[in-house]
Every structure is written in structure tokens, then in C-alpha cells.
Amino acid sequence: MNSYIRLSGFYFFYFALLGALVPYWSLYLISFDFDAQTVGSLMALLQASRIVAPNLWGWIADKSGKRVEIVRFGALMTCLMFIGMFWQDTALGIGLVMLAFSFFWNAVLPQFEVITLEELGDKKDKYSQIRLWGSIGFIVTVVGIGALLDFINIRWLPGLMLILMLCIWLNTLLIPKPAVLDHIDVEKSCNLGFMALLLRPQVVIFFIICFLVQFGHGAYYTFYSVLMVDVGYSRTEIGLLWAVGVVVEVLVFIYMHWMLQHWGIRNIMLVSLFLCVVRWLLIGTVPENLGLMLFAQTLHAATFGSLHAVGIALVHQYFSKQTYGQGQALFSSVGFGLGGALGAFLSGILWDDFGAFYTFGLSALASVLAMLLALVWIYPERVQKNY
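If you're matching positions, the sequence shown starts at 19 in my numbering and goes up one per residue.
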């Protein structure tokens, strides 16, 4: 079995789990009659663990060099921690299990990204072709589980998720171990420390933009499915709407290498941030319009696909080889962690009293600010590539 298949298999199952969790977990929580603020707070816990976990595991991986072992351990602990969910029916109990399993689950992906890029070596442009299998995994589960939930109770969702978690762990046993860095690499990393690389102005602004982008996605990941149910869509239709977004994301990953060569990181980032604004405004104002919702979902290609690929590229532009793990972890924790958690939490506060318009309006406002910061500050060619 070649490394391409083993790497792609991990992404397939990891994002297949995401396809079960992100669109439907809020519906699972609502089945316990929790209010919007409780749902928002619980969904924020999934992101909050990303603030600490990726940085802790990233630091351990960079210092020990045992990145593959950490990925395997994190995947196994995710399964073991999640088993406790089957005995929980209170917000506190569910929240504690969510925090426990996500602490390990959220640590796995950033380190696997580093493993993938190290395995690719000089062929880093092939990253998108491997990562697209994650999008395919998401599509399979979001459509399949959406259709299934029109026939079975939402309370079956944890069981389906546990099966996917076991598949992730089993796949980590197959991933290749990257070559050990030589003495020259270690010496270079000592000369150019992580904090020195991080505290450059453009790099700081990049992480603020990451925060704002994922803050904007907080309402989407928490209440999009809830909103669609409220305006009359079936769970099958909701699953298909989520899938549309990820199908176009796959196309972005396929052609990202060409796009980066012809349009450049800065231009792709600016256009994608503008499309974030458009997308959140459409969802907040006309959710009952199927045609516009389909269009809004195609914008996922930009709001997630392009911005994620650009973010990965910039992390490798900004950080040295020995600090990739910490840089990738910070990319995850600042954006998906802090930004996603605060976005989910505030959307829970706004949802009942102010509704979709103001909740998604706040997301659009965050995207406008991110676009202005990128316009002024993000010039990747002005930052020396750090090997």
C-alpha cells in the first residue's frame, strides 16, 4: 500500500467524522430540549479544546520527533473518551465528554498535516490532491447520515460517530513514519526560534485573519442545520446542501496548485474573504430561497477550501521546518479553536433574541474586517521563506 493511499485514507475518515458531527450534532443536542444558548455553548466546547490541545501536542511533537506516535495515541484516546457519551443526557455530562474527546481529536489533524507535507517532500503541490479525499469523506457521511436521519432517531448519531472514530484510529496504524531531521535542520531551527518567526507583523496579522474567518464560521457550524430545519427543509435536503459546499471544495483542492501559480496567495485570499461576506449575508437574509442557498453553499469553495489551502501554504511560508508543527497547531488553535469557539458561543447568545439576520450579520462583519487587514498587510513575497 503506497503512502498516497494511506495518507488519503486518514483524511477520508477524519473528515467523514466531521461530516457526521458538524451538520448534525446541534440537532442531537436540541433533541434533549436544550435552548439555543446551551447549544451554542456546547458547540463552542468542540472548538475551545483547539485553543490548547494542538499547541500542546504540537510542542511535544516538535521536541520529541514522535509525531506519528502522537497521532495514533490521540486517535485512540478520542475513541475511548467518546464512549462515555452513551450514558449522558444532561448538558454538563455531554459537555464534559465533548471536551474530553475533542481534546485528543483536535490534536490529531494539525500533526497529520505536518506528516503529510513531510512525506510529500518537494511535491507539496500534491497536498490538495490528497486532502480532497477528506472532502469526499465528508460528502459521503453528510449525505448518507442526512438521508438516514429521516428514517431513524437522531439519538443513533453517537453510535455512527464512534464507528468512524475507530476507522480513524485503525488508519493511523498504517501511516508512514517521516524521516528524522538531521543535525543541520535542528541547528537551523535553534538559530531561528518559533517566537521570533511568530512575532513578525505580517505573521501576527495572518493569525488575526484566521481568527476572524473562523469566528464568522461559528454561526454556520452551530446553527445552519437548525435554521434549515426551522424554514422547512428535510434532513436529506440539509445533508445535500452541506454536500454541495464540499463538492465545490473538492474542485478547489484539485485546481489549487494551478490557482496559486496563476493568481497568487494574496489575490486568492482577498477574493475568498469578500465571498465570505456575500455568503453570510445570503444565509442570514434569504434562507428559505433554495436557489440562493445552493449558490451560498458553492461559496464554501472560497470561504473554507481556498482559505484553508492558502492558510496551509502561508504557515509553510512563515515557519521553519523544525517549527512547522507549532505553526500548524497555532493555525488550528487561533482560527478553529479561539475563533470558532467564540463565534459559536456568541451565536448561541444572539440566536433566540435576534435571529439569523443579526447572527450571520456579525459573521459578515468579521469577514469585512479580515478582508481589510489582508488588503493592507498580507504580502507573502515580502517574508523570507524559512527552511
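Yeah, the Cβ is synthetic: ideal placement off N, Cα and C, and Gly gets one too.
Asked: Own chain partners of Cys228 with C-beta closer than 8 Å, once the 5 adjacent residues on each side are dropped; Found: Gly329, Phe349, Val352, Gly353 and Gly357
Asked: Span of the alpha helix (DSSP H), counted from its first residue to its last, around Leu393; Found: Gly358 to Trp395
Asked: 7 Å Cβ shell around Leu332 - same chain, five flanking residues per side excluded; Found: Phe224, Ile283 and Pro398
Asked: Any alpha helix (DSSP H) of 4 or more consecutive residues that is wholly inside the stretch 209-246; Found: 212-216
Asked: Cα-Cα separation between Asn209 and Val89, rounded to whole angstroms; Found: Its pLDDT being 40, under 50, Asn209 is placed unreliably by the model, and nothing is read from it.
Asked: Outcome for Pro219 when other beta-carbon atoms lying within 10 angstroms are tallied against a minimum of 16; Found: exposed
Asked: DSSP-derived helix/strand/coil call for Pro41; Found: helix
Asked: Rounded C-alpha distance that separates Ser207 from Ser338; Found: Caution is warranted here: a pLDDT of 48 is assigned to Ser207, below 50, making its placement in the model unreliable, and the coordinate value is therefore given only provisionally. Roughly 7 Å between the two C-alpha positions.
Asked: With 16 other Cβ atoms within 10 Å as the buried cut-off, status of Ile170; Found: exposed
Asked: Pro14, DSSP secondary structure in three states; Found: Because the chain is modelled from 19 through 405, residue 14 falls outside the range shown and cannot be assessed.
Asked: Beta strand (DSSP E) runs wholly inside the stretch 314-363, at least 3 long, in chain order; Found: none
Asked: Buried versus exposed call for Glu306 [16 or more other C-beta atoms within 10 Å across all chains shown]; Found: exposed
Asked: Buried or exposed by the 16-neighbour rule on C-beta atoms within 10 Å, applied to Leu16; Found: The displayed coordinates of the chain run from 19 to 405. Any statement about residue 16 would go beyond what the structure contains.
Asked: Among Leu98, Gln335, Trp369 and Ala359, nearest to Gly177 - alpha-carbon criterion; Found: Leu98
Asked: Three-state secondary structure (DSSP) of Lys81; Found: helix
Asked: Helix, strand or coil at Asn171 [DSSP, three-state]; Found: coil
Asked: Ala150: first and last residue of the uninterrupted alpha helix (DSSP H) it sits in; Found: Rather than Ala, the amino acid found at residue 150 in this sequence is Leu. Note, Leu150: alpha helix (DSSP H), Tyr145 to Leu166.
Asked: Three-state secondary structure (DSSP) of Glu131; Found: helix
Asked: Met389 burial status per 10 Å Cβ neighbour count (16 or more: buried); Found: buried
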